[in-house]
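Protein chains in written order, with this note's numbering: chain A, 12 to 286; chain B, 1077 to 1328.
This report concerns only the one structure given below.
Right, dumping it as structure tokens:
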């Protein structure tokens, strides 16, 4: 009898600890978001979104150049990383046990662990030095390398979940191999692959380190991918470390936008996964 | 005697070094139902997968010997063509989950990139679904996804999908093993109806099913062909002692 009581009590305590610790995880996230919203929302207005940074001392500056720059860089990175990532993922799924797949899988794992600033230095050496200028392109290349492992892994894992019977159904209809992959297997895993792509975008959207010596930063609007370009994370870094109150506010506003963007993407990903 | 459409000559199949089919010589008569029966693991499925060259898709799987369709050696043909002429239906219903019922039926054309005029596609879909006795059940829901169909309906959809390619032979790999008795009897009726238009090979480990639907039966045991002949004869006076023991339930 005493044993039973003890067990019930132990159960309760254990349960309590689990719930408490899980709750602790939510707290920092909640506080961060709260802080950013409280400080950032006051900076946000239409003017802030559509105008360029104002010269020092003038009011009503904006961060349009950083928003546009971030989107340009995300789009170029995606164009570079998505085809390579998805096709590599398909390769790993199709040739599960080949030597080459094992090597690629190992490389992908290593790539996952390479510090982002190192990728920035590599892009600096490859692109910035050979083109002779900081550029959106060089930043995108650094970020696309960061996207690759996420896309490759999720593509492979998604495709592995698709039953083999589907592929046999298609092959048995006399559909050639490449069409079976593109028209049957990939559509069946589409939401999973898209999830991986969105996850990889959230991973790079807030990256600052690889951009420091690649896209560099630019106080003006720039649409040329071979020229230095401002991005949200870089702008936040520069403004937040400046001594000016006005810039601090702008940094909060930019953080707010970045967080909303990343959370929004996460939210879309969640919905897709549920489908 | 019936005209032969499909022939195997000294057909052997391997998984790596293991020989799972041993020198099978068989002639399948045209527009008849031939059942291939035998206990699990006797190579029935491997045999029909050699016939539409699906066997070779498995890594390490090889064959020796030949299969002839109308005296044409299928190993000399492109496997894609072979599979269009010889359709297949699998153990578990496997309609394409991303496609509507209509698209599932026409999938063989669409996935192959063959463009047909709209009304020709409509005719093919309607004919195929009528042949698989599904038209009345799904004619109002053609453009919905097939996932709400029951297992038996899904299997008949897969048969319609195979029929849409207008194949000369259809291979059925235990098509009812995942279905309930009611759906099974529906598919068996369908098989008997279909043999006017197409040659059918059905793999089954259910002897009663072989007796119900087939004109000819091949009995296999551990990779060897034990006996082949007229179903009614084999089920009454089998030539081989083993066949008799299998049919009377002494093993298998």
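Note that the Cβ used here is the ideal one computed from N, Cα and C, for glycine as well.
Per DSSP, residue 106 of chain A lies in no alpha helix (DSSP H) segment and is marked neither H nor E.
Against chain A, the CB of residue 1168 of chain B has a partner CB under 8 Å away; the residue lies at that interface.
Between residue 167 of chain A and chain B, the shortest Cβ-Cβ separation is not below 8 Å. Along the segment 167-192 of chain A, going in chain order, the ones with a CB nearer than 7 Å to a CB of chain B are 176, 177, 179, 180, 181, 182, 183, 184, 185, 186, 187 and 190. DSSP places residue 1105 of chain B within a strand segment (E or B) once states are collapsed to three. Residue-level contact by beta carbon fails for residue 1319 of chain B and chain A, as no gap is shorter than 8 Å.
Considering only A:202, A:267, A:256 and A:223, the residue with the shortest C-alpha distance to residue 282 of chain A is A:202.
Residue B:1167 holds the alpha-carbon nearest to the alpha-carbon of residue 1248 of chain B among B:1325, B:1167 and B:1085. Interface criterion met: the Cβ of residue 1128 of chain B is under 8 Å from a Cβ in chain A. Following the DSSP letters along the chain, one finds residue 1300 of chain B inside the beta strand (DSSP E) bounded by residues 1300-1306. Under the 8 Å Cβ criterion, the segment 1130-1147 of chain B does not count as touching the segment 1305-1321 of chain B, having fewer than three qualifying pairs. In this structure, the alpha-carbon of residue 1198 of chain B lies about 53 Å from that of residue 218 of chain A. Along the segment 193-205 of chain A, the positions whose C-beta sits under 7 Å from a C-beta of chain B are 194, 195, 198 and 199, read in chain order. Judged by DSSP secondary structure, residue 1289 of chain B falls outside any beta strand (DSSP E) and instead within the alpha helix (DSSP H) spanning 1283-1289. One Cα belongs to residue 120 of chain A, the other to residue 157 of chain A, and the distance between them is close to 11 Å. By the CB criterion at 8 Å, residue 208 of chain A and residue 173 of chain A fall outside the cutoff. The beta-bridge partner set that DSSP reports for residue 163 of chain A is empty. In the DSSP assignment, residue 1080 of chain B forms a beta bridge with B:1105. Here the segment 261-268 of chain A does not lie against the segment 1257-1275 of chain B, with fewer than 3 beta-carbon pairs under 8 Å apart. Among the residues facing chain A, residue 1224 of chain B is not included, as its CB has no counterpart in that chain under 8 Å away. Residue 147 of chain A sits in a helix when the DSSP states are folded into three classes.
When DSSP states are grouped into helix, strand and coil, residue 71 of chain A belongs to the coil group. Here the alpha carbon of residue 123 of chain A sits roughly 15 Å from the alpha carbon of residue 99 of chain A.
The C-beta of residue 43 of chain A has fewer than 16 other C-beta atoms within 10 Å across all chains shown, which makes the residue exposed. With fewer than 16 other Cβ atoms from the protein chains shown falling within 10 Å of its own Cβ, residue 1327 of chain B counts as exposed. Rounded to whole angstroms, the gap between the alpha carbons of residue 1300 of chain B and residue 1118 of chain B is 8 Å. Here residue 225 of chain A is buried. Its C-beta has 16 or more other C-beta atoms within 10 Å.
Neighbours of residue 1156 of chain B across chain A, judged by C-beta separation under 7 Å: 185 and 187. Between residue 222 of chain A and residue 131 of chain A, the CB-CB gap stays under 8 Å. 8 Å or more divides the Cβ of residue 1217 of chain B from the Cβ of residue 1141 of chain B. Taking the CA atoms as reference points, residue 77 of chain A sits about 5 Å from residue 241 of chain A. Excluding sequence positions up to five before and after residue 20 of chain A, its CB lies less than 6 Å from no other CB in the same chain. The three-state reading of DSSP puts residue 1311 of chain B in helix, counting H, G and I together. In the three-state reduction of the DSSP assignment, residue 248 of chain A falls in the helix class. In the DSSP annotation of this structure, the continuous segment of the alpha helix (DSSP H) that includes residue 28 of chain A starts and ends at 13-51. Following the DSSP letters along the chain, one finds residue 270 of chain A in no beta strand (DSSP E) but inside the alpha helix (DSSP H) bounded by residues 256-285.
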